[in-house]
């Protein structure tokens, strides 16, 4: 989900035999009976692993982003860079966060979302797509952060952690919400409503 500088996420290799996703409710002969469908049967551990694969992979990358964000933001809150980081290393970490997020979102919007959108309305392109709207807001914030960091690197301005914090505050909340929302949309109990086990295995992510 991100550029090749990051480690690849492990992929599920379970080849268990697919089971029925739902059971037809038994007919009672009562025309007044509720038409509410029967709940889906519990997933076996192997089925859950297949259905939850995308959520696990997404969370793997998201945790990496959160770690980078936390390094930068903690320094801003403490008004002090990490003791093991030079100024250059610290600024480069901020640029890596921007670059990784840009690459991650590009891959999602180009490859993953169009596949999921075939069956899942929450991934369809359009103004109503909450996840894409979050991408837009995140990128506006990232552009401001990147601009400031590049100015610091070129020595146009001196790094002020209070200013860096402002550049992060204006999109931090939507970033963290997006990272959580995206994983939830890919969890097993959601994915099984739309996809068979074989289809899940075939999603090339």
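In full-length UniProt numbering, the protein residues as written are 1 to 205. Ideal Cβ placement from N, Cα and C applies to all residues, glycine included.
Spatial distance of residue 186 from residue 150 (CA atoms): 35 Å
Given residue 155 as reference, the closest of 88, 94, 174 and 190 once Cα atoms are compared: 88
Spatial neighbours of residue 4 in its chain, beta-carbon cut-off 8 Å, leaving aside the 5 residues before and after: Any reading at residue 4 is ruled out, since the residue's pLDDT is 41, under 50, leaving its predicted position unreliable.
Residue from 152, 114, 97 and 127 with nearest C-alpha to residue 142: 97
Delimiting residues of the alpha helix (DSSP H) encompassing residue 175: 161 to 185
Given 8 Å, three or more beta-carbon pairs between the region 160 to 176 and the region 70 to 87: yes
Counted within 10 angstroms of its Cβ, other Cβ atoms place residue 202 as buried (16 or more) or exposed: exposed
Backbone secondary structure at residue 120 - three-state DSSP: coil
Beta-carbon contacts of residue 115 that lie in its chain and below 7 Å, excluding the five residues immediately before and after: 203
Neighbour-count burial assignment, residue 192, 16 or more Cβ in a 10 Å radius: buried
CB contact flag (residue 134, residue 167, <7 Å): no
Helix, strand or coil at residue 60 according to DSSP, with G and I counted as helix: helix
Classification of residue 40 by the beta-carbon crowding that lies within 10 angstroms, buried from 16 upward: exposed
Proximity below 7 Å, CB of residue 120 to CB of residue 60: no
Neighbour-count burial assignment, residue 81, 16 or more Cβ in a 10 Å radius: buried
Outcome for residue 189 when other beta-carbon atoms lying within 10 angstroms are tallied against a minimum of 16: exposed
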